[in-house]
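Below you'll find the structure, written out as structure tokens, and then a few comments.
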Amino acid sequence: MSNKVFHAQHAMGRGVRGIALVAKDGFSARYDLDRNAGIFSRPAHKLAGLSYFGKILVLETAKGGVATAWMLHEMHARGVVPLAIVLNSVNPIIAQGAALGDVPLLAGFDADITAAIPNGATVEIDPRQKTVTVIA
Amino acid sequence: MKLNDEEQDILAGKQGPVPQKALQHQIMVGDFFGAADFVPVTQAHIMADTESLGEAGVQWLEALAAEKNGRRRVRIPTITDPRGTDFAKAAFLRHTKAMLTLEERAIAAFVKLGVLMTNTCINYQTVQPATRNEHVAYGDTGVVIYSNSVCGARSNFEGGPSALAAGLTGRTPRYGFHLPDCRRATLHVRVEYTPATLNEWGALGGVIGRLAGNYWAVPVIEGIEGAPGSDALKHFGAAMASFGSTALYHLVGLTPEASRYADVAPAGLPTHRVTRADIEALQQSYHVTDEVDVVVFSAPQLSLLELREVAALCEGRQFKVPLLAITSPQVKPDCDRMGYTEIIETAGGTVLSGMCFYQSYAREMADAHGWKRLATNSAKLVNILGGYGYQPMIASMQACVEAAATGKLK
Numbered sequence: 001m002s003n004k005v006f007h008a009q010h011a012m013g014r015g016v017r018g019i020a021l022v023a024k025d026g027f028s029a030r031y032d033l034d035r036n037a038g039i040f041s042r043p044a045h046k047l048a049g050l051s052y053f054g055k056i057l058v059l060e061t062a063k064g065g066v067a068t069a070w071m072l073h074e075m076h077a078r079g080v081v082p083l084a085i086v087l088n089s090v091n092p093i094i095a096q097g098a099a100l101g102d103v104p105l106l107a108g109f110d111a112d113i114t115a116a117i118p119n120g121a122t123v124e125i126d127p128r129q130k131t132v133t134v135i136a
Numbered sequence: 001m002k003l004n005d006e007e008q009d010i011l012a013g014k015q016g017p018v019p020q021k022a023l024q025h026q027i028m029v030g031d032f033f034g035a036a037d038f039v040p041v042t043q044a045h046i047m048a049d050t051e052s053l054g055e056a057g058v059q060w061l062e063a064l065a066a067e068k069n070g071r072r073r074v075r076i077p078t079i080t081d082p083r084g085t086d087f088a089k090a091a092f093l094r095h096t097k098a099m100l101t102l103e104e105r106a107i108a109a110f111v112k113l114g115v116l117m118t119n120t121c122i123n124y125q126t127v128q129p130a131t132r133n134e135h136v137a138y139g140d141t142g143v144v145i146y147s148n149s150v151c152g153a154r155s156n157f158e159g160g161p162s163a164l165a166a167g168l169t170g171r172t173p174r175y176g177f178h179l180p181d182c183r184r185a186t187l188h189v190r191v192e193y194t195p196a197t198l199n200e201w202g203a204l205g206g207v208i209g210r211l212a213g214n215y216w217a218v219p220v221i222e223g224i225e226g227a228p229g230s231d232a233l234k235h236f237g238a239a240m241a242s243f244g245s246t247a248l249y250h251l252v253g254l255t256p257e258a259s260r261y262a263d264v265a266p267a268g269l270p271t272h273r274v275t276r277a278d279i280e281a282l283q284q285s286y287h288v289t290d291e292v293d294v295v296v297f298s299a300p301q302l303s304l305l306e307l308r309e310v311a312a313l314c315e316g317r318q319f320k321v322p323l324l325a326i327t328s329p330q331v332k333p334d335c336d337r338m339g340y341t342e343i344i345e346t347a348g349g350t351v352l353s354g355m356c357f358y359q360s361y362a363r364e365m366a367d368a369h370g371w372k373r374l375a376t377n378s379a380k381l382v383n384i385l386g387g388y389g390y391q392p393m394i395a396s397m398q399a400c401v402e403a404a405a406t407g408k409l410k
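Laid out in structure tokens, this is it:
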């Protein structure tokens, strides 16, 4: 099998490789997470109860308020942070937070990235090339 | 991004490391969104409660504030969103000494950077509203959507680090809602019921926010009867921004860029109908129990007129469960002076200032007080608090005050 490569419209940060945690749902550090426990905590979220620590989050869109802009930095400082974030649609807040918090971020694909990447797949992020590669 | 001479000087460190770091951050964000250049801004508004900042964020601020070389202070009026506590009521809130110390350190750093500690998310009602076509760098999403939509100003969502950067450099990357093309409508919503209460306005905003679904979607809305007031549009926009990450809407015949539908809407937009049943269904979806542990009026902070209404409902009542009414430091003295604070607190409620419930260690307050089942008239608040372990329920202001008196939400 060959690797599948997806090209993003927007990208920033370091290249990383890790396990994808995928859902067709949004992302807000304030609305969705228990940052002390390192899990998704909003009961209605499709990843409720699951740990995001060290995972490459593959989600639909950035949601909610502006707190994510600080919270990714705070999460990074404690070492309990997603390895990278990949979204179909992005808002300024998550980009600002990723810039401060040193979290690789890719967004904007031709395909629905939450359908294209299987949950649990090993993926490689290359922000310089603006690519997400699913490792076969 | 194309940089002018001044921006190249800032980037080269000729004005010192603080504006240099700020501009570097802004270029990262601007490059990410393909901004061609910077646009000067006249005001900045920073969301920076310490629950969001954490120790790491406060240390980051303190490092900027301690910088001895070059320019350190903001160069445009830069104000703040609510803080993480009301120091005068911290014991009642059961905020710990560690929380208060972190708050004090953050405030000290902001003051050294020249930031005005207004501590409000309703600056458009209490400090100074932005004007049409004024480019600003505002933080709180409710502030942005109100300023863009009702005032006709131009702002993206600027998170705390970016809003502070804009204050320090006097500019922001020109992308998103600073560009006329991004302000055109992308979906058409026909509303078949005009809300009568603030909770209904918030619920309508929530329904439309869910339809819009992402930051770049701009609803153009028809069917609203009459002219909604500032508090109605405050709840409407704050909820739309919260549920949908929406930053701009147009109300045909009401908001300044949409005198006519065709002013903002290209032909062939997808149309959605929103009925009274949709508004009621959103509210009902949160009503999971009749028992209430706490009643909260917040998110956004209350105007003087809202507090007047709360006080009238509280007159002569005795509450079984706590009722919190949260406002800005600009409104609180008037609330005291008009006698509203005394009425609310005689009934057993508490009027708080300069904070907002969800920005003030909501999870820790829930643990410390045993609060779980929460009644509010804010659609924004119910959308946020589920992740903090609450069972938030939305109802009218009248029903919420009744719940404070009886412990039951009808």
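Going line by line, the protein sequences match chains U and F.
Taking my numbering, the leading residue of the first sequence gets 1, the next gets one more, and so forth.
Taking my numbering, the leading residue of the second sequence gets 1, the next gets one more, and so forth.
Just so it is clear, CB atoms sit at the ideal spot from N, CA and C, and this is done for glycine as well.
This one's a predicted model, so the numbers in the text were calculated from it and none came from an experiment.
Determine the closest residue to F/A404 out of F/V382, F/I344 and F/S353, with distance taken between C-alpha atoms.
-> F/I344
Can you list the alpha helix (DSSP H) stretches of 4 or more residues lying completely in the stretch 47-100 of chain F, in chain order?
-> 50-65 and 90-93
Give a yes or no on whether the minimum CB-CB distance between F/W371 and chain U is below 8 Å.
-> no
Which value, in whole angstroms, describes the spacing of the CA atoms of F/Q417 and F/V74?
-> Since the displayed chain F opens at 1 and closes at 410, residue 417 of chain F lies outside it and no answer follows.
Cβ-heavy atom distance between U/L21 and the ligand PLP below 7 Å?
-> No copy of the ligand PLP appears in this structure; indeed no ligand is present at all.
So, does the CB of F/L53 fall closer than 8 Å to a CB anywhere in chain U?
-> yes
Just tell me which of F/G223, F/R83 and F/R94 has its CA closest to the CA of F/H188.
-> F/G223
The stretch 128-143 of chain F: positions lying closer than 8 Å to chain U by Cβ = Answer in chain order: G139, D140 and T141.
Excluding five sequence neighbours on each side, which residues of the same chain lie with their C-beta closer than 6 Å to the C-beta of F/F243?
-> G206, G209, R210 and N383
Over the uninterrupted alpha helix (DSSP H) stretch that includes F/T172, give me the two end residues.
-> Looking at the DSSP string, F/T172 is not in any alpha helix (DSSP H); the run it does join, the beta strand (DSSP E), is R171 to P173.
Chain F contact residues for U/K63, given Cβ-Cβ distances below 7 Å | S245
Where does F/L305 land, buried or exposed, given buried means 16+ other C-beta within 10 angstroms?
-> exposed
Inspect the CB distances between the stretch 8-28 of chain F and the stretch 107-125 of chain U and report whether three or more fall short of 8 Å.
-> no
Output yes if chain F places a C-beta closer than 8 Å to the C-beta of U/A8; else output no.
-> Chain F contact via Cβ: absent.
Would you be able to state if there are at least three C-beta pairs under 8 Å between the stretch 113-133 of chain F and the stretch 142-155 of chain F?
-> yes
Alpha carbon to alpha carbon, how far is F/N69 from F/A232? Give it in angstroms, no decimals.
-> Rounded to the nearest angstrom, the two C-alpha atoms are 47 Å apart.
For F/V41 and F/R171, believed in contact at Cβ under 8 Å, the rounded distance | Cβ atoms of F/R171 and F/V41 come within 8 Å of each other, at about 6 Å.
Partners in chain A for F/M28, counting only beta-carbon separations shorter than 7 Å = Among the chains of the structure shown, chain A does not appear; the protein chains present are U and F.
Chain-ordered chain U contacts of F/Y286 [CB-CB under 7 Å] = Within 7 Å Cβ-Cβ: nothing; F/Y286 doesn't reach chain U, min ~11 Å.
Which residue spans inside the stretch 282-364 of chain F form an unbroken alpha helix (DSSP H) run of at least 4?
-> 304-314, 332-337 and 340-346
Limits of the beta strand (DSSP E) - the one that F/Q391 falls within = Q391 to I394
At a cut of 8 Å, does the stretch 172-184 of chain F reach the stretch 75-86 of chain U through at least three beta carbon pairs?
-> no
Would you mind working out which of F/Y390, F/T255, F/Y193 and F/A238 sits nearest U/R42, comparing C-alpha positions?
-> Taking only the C-alpha atoms, the option nearest U/R42 is F/Y390.
Neighbour flag for U/V66 against chain F, beta carbons, 8 Å = yes
Where the stretch 87-119 of chain U meets chain F: residues whose CB sits under 7 Å from a CB there | S89, N91, P92, I93, A95, Q96, G97, A99 and L100
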